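Chains as they are written, first to last, in this note's numbering: chain E, 18 to 281; chain V, 30 to 262. Notes follow once the structure below has been shown.
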């Protein structure tokens, strides 16, 4: 089944008032940011989309696929699932080796041909200490867990709708991770507090008190700012890698940074 | 009368899910009675009573809690009939992985915690494998991948169950459980029997034996190597 559009039918906020933003239609190929203070309902919004909620969650939202109510199978059968979600959870509870876990998940998603080694090697491009196929899931560090979740979502859960919750908190290479997760023609929603990521989305949904409050389309100026922020971000991430690698920081090119900032 | 039996490991969220479900049923003008079985102590009847439903507590004390609820089924059904309830919901203490409290014509609901790991559905035994509905709680605490694997492991243990992903805090999934409770065609009969047998044993522990060594024990006994024998008169 091909997906052209999802519709988020407005529900209620935490006070029980109807959401200010009316029904929202998101088309194939669009990238949306979701922003708002902590506790404003960002994670609930993407949880609603993940479950294809039908008025049965706290927000009472309904999610339509191509304008229609999705079937029960689409909602529950992982083989038919159209939504891949990278949640904020930083832990695995399953007590089993990495390779077994990935194989089991590939089986659940009906993808028996997935190359497990490739999934692990992709995860290892995002994190510092490499993950081994025989490592037990529960001993992985926060960053390793998150990197493995990203690779799993990108390759095993590979779906036309991708939901990403605060990828910047994971201590992994966020730009690379985001690139891995997004793809041509997908619908992507990114919950973020990070201005670099928020401004790089075409539109962003503003959350307040559990409800969708507003929507902002990113302007030409914002896109320019986003690119400049990207450069600054890259500089800081490079420094982070140096610090992590145990190197001493002799010099930072503040001139270049100032040059970037002068355009802001 | 419809008889809904809810089982699950302690802390899985049976009461939390039930409270959300009862609220929905009450809104739909369904008036159920609730019986809560526990071992030594329970606060839950107060939580149920706040909703305005008739509630009775049974404490099994020195008796096995599942055996207690089975032994008292007639009295429990009588309580609900006296309330003129069409629906009786019984929440069991549900401690033993070898028992299932569901009777042939009840609606068996198993509540299981997704954070207990994907091997758990295989471990918990008949109260999952004979259930009509399996409610998975705490799914919001694990990744999507783990949720999907957990679901698959449940289906491997019980192919025919209907699975509901629920959240005891937000009430997600309660409307679907309420719908399935309302639409069940099962009616409790005069001659109910258990879906699954309990462990075969008249055990010395039941009779109050506290000593640990093998020589103090009688009944149907099974050794670590799998050998099973009956010791006694």
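Quick reminder that beta carbons are idealized off the backbone N, C-alpha and C, glycines included. Being a predicted model, the structure only gives us computed values, none of them experimental.
Tell me the rounded alpha-carbon separation between residue i and residue j.
| i | j | result |
| --- | --- | --- |
| residue 41 of chain E | residue 230 of chain E | 12 angstroms |
| residue 162 of chain V | residue 265 of chain E | 59 angstroms |
| residue 49 of chain E | residue 244 of chain E | 17 angstroms |
| residue 182 of chain E | residue 218 of chain V | 50 angstroms |
| residue 187 of chain V | residue 160 of chain V | 8 angstroms |
| residue 139 of chain V | residue 158 of chain V | 9 angstroms |
| residue 59 of chain E | residue 170 of chain V | 16 angstroms |
| residue 232 of chain E | residue 38 of chain E | 8 angstroms |
| residue 30 of chain V | residue 110 of chain E | 40 angstroms |
| residue 186 of chain E | residue 145 of chain V | 25 angstroms |
| residue 124 of chain E | residue 267 of chain E | 50 angstroms |
| residue 227 of chain V | residue 81 of chain V | 35 angstroms |
| residue 201 of chain E | residue 220 of chain E | 17 angstroms |
| residue 21 of chain V | residue 138 of chain E | The question about residue 21 of chain V has no answer here: the residues shown for chain V are numbered 30 through 262. |
| residue 109 of chain V | residue 164 of chain V | 24 angstroms |
| residue 261 of chain E | residue 165 of chain E | 20 angstroms |
| residue 234 of chain V | residue 243 of chain V | 12 angstroms |
| residue 259 of chain E | residue 269 of chain E | 11 angstroms |
| residue 178 of chain E | residue 125 of chain V | 42 angstroms |
| residue 20 of chain E | residue 68 of chain E | 16 angstroms |
Which residues in the same chain have their Cβ closer than 6 angstroms to the Cβ of residue i, if we skip the five residues on either side of it in sequence?
| i | result |
| --- | --- |
| residue 64 of chain V | 85, 105, 119 |
| residue 147 of chain E | 141 |
| residue 194 of chain E | 143, 167, 184 |
| residue 182 of chain V | 147, 150 |
| residue 36 of chain V | 121, 123, 130, 139, 156 |
| residue 207 of chain V | 50, 53, 54 |
| residue 90 of chain E | 97 |
| residue 174 of chain V | none |
Taking 6 angstroms as the cut-off, is the C-beta of residue i nearer than that to any heavy atom in the ligand NAP?
| i | result |
| --- | --- |
| residue 229 of chain V | In terms of ligand content, the structure shown is empty, and the ligand NAP therefore cannot be addressed. |
Excluding the 5 residues preceding and the 5 following residue i in the sequence, name in chain order all residues of the same chain whose CB lies nearer than 8 angstroms to its CB.
| i | result |
| --- | --- |
| residue 274 of chain E | 249, 252 |
| residue 151 of chain E | 114, 115, 116 |
| residue 102 of chain V | 132, 221 |
| residue 196 of chain V | 166, 167, 168, 169, 202 |
In chain V, what lies closer than 9 angstroms to residue i by C-beta?
| i | result |
| --- | --- |
| residue 169 of chain E | 172, 173, 174 |
| residue 114 of chain E | Within 9 angstroms Cβ-Cβ: nothing; residue 114 of chain E doesn't reach chain V, min ~13 angstroms. |
| residue 99 of chain E | None at all; the shortest Cβ gap to chain V is about 12 angstroms. |
Which residues in chain V have a C-beta closer than 8 angstroms to the C-beta of residue i? List them in chain order.
| i | result |
| --- | --- |
| residue 67 of chain E | 173 |
| residue 91 of chain E | Those within 8 angstroms of residue 91 of chain E in chain V number zero; the least Cβ separation is about 14 angstroms. |
| residue 126 of chain E | 177 |
Mind pulling the chain E residues with CB within less than 8 angstroms of residue i?
| i | result |
| --- | --- |
| residue 254 of chain V | What residue 254 of chain V touches in chain E: nothing, since even the nearest Cβ is about 25 angstroms away. |
Residues of chain E with CB under 7 angstroms from residue i, in chain order?
| i | result |
| --- | --- |
| residue 263 of chain V | Nothing about residue 263 of chain V can be read from this structure; chain V reaches only from 30 to 262. |
| residue 212 of chain V | By Cβ distance, chain E contributes nothing, its closest Cβ being about 14 angstroms from residue 212 of chain V, past 7 angstroms. |
Residues of chain E with a CB under 9 angstroms from the CB of residue i: which are they?
| i | result |
| --- | --- |
| residue 169 of chain V | 60, 64, 104, 106 |
| residue 192 of chain V | 93 |
Counting only Cβ pairs nearer than 7 angstroms, list the residues of chain V close to residue i.
| i | result |
| --- | --- |
| residue 74 of chain E | 199, 201 |
| residue 87 of chain E | Ordered by position in chain V, no residue passes the 7 angstroms Cβ test against residue 87 of chain E, which lies about 14 angstroms from the chain. |
| residue 122 of chain E | 174, 177, 178 |
Once you ignore the five residues that flank residue i on each side, which residues in its own chain have a CB closer than 7 angstroms to its CB?
| i | result |
| --- | --- |
| residue 120 of chain E | 133 |
| residue 213 of chain E | 243, 246, 247, 250 |
| residue 174 of chain E | 101, 126 |
| residue 209 of chain V | 162, 191 |
Which residues does DSSP list as the beta-bridge partners of residue i?
| i | result |
| --- | --- |
| residue 259 of chain V | V:249 |
| residue 22 of chain E | E:44 |
| residue 153 of chain E | E:114 |
| residue 67 of chain V | V:88 |
| residue 85 of chain E | E:82 |
| residue 36 of chain V | V:139 |
| residue 98 of chain V | Paired residue(s): none; residue 98 of chain V is not in a bridge. |
| residue 31 of chain V | V:116 |
Checklist entry - Unbroken alpha helix (DSSP H) runs of length 4 or more, entirely within the region 168 to 197 of chain E: which are they? => result none
Checklist entry - Counting only runs that start and end within the region 116 to 161 of chain V, where is the beta strand (DSSP E) found for 3 or more residues in a row? => result 116 to 120, 136 to 142
Checklist entry - Could you give the uninterrupted runs of the beta strand (DSSP E) lying entirely in the region 31 to 78 of chain E, keeping only those of 3 residues or more? => result 41 to 44, 48 to 52
Next on the checklist: What ranges does the beta strand (DSSP E) occupy inside the region 199 to 267 of chain E, keeping only unbroken runs of at least 3 residues that lie completely in it?
Outcome noted: 204 to 208, 220 to 225, 228 to 234
Next on the checklist: I'd like the ranges of any beta strand (DSSP E) spanning at least 3 consecutive residues and lying wholly in the region 93 to 126 of chain E.
Outcome noted: 100 to 103
Checklist entry - Quick one: complete alpha helix (DSSP H) runs, 4+ long, within the region 150 to 222 of chain V? => result Runs of the alpha helix (DSSP H) spanning 4 or more residues and lying entirely within the region 150 to 222 of chain V occur at 155 to 158, 173 to 186, 203 to 212, in chain order.
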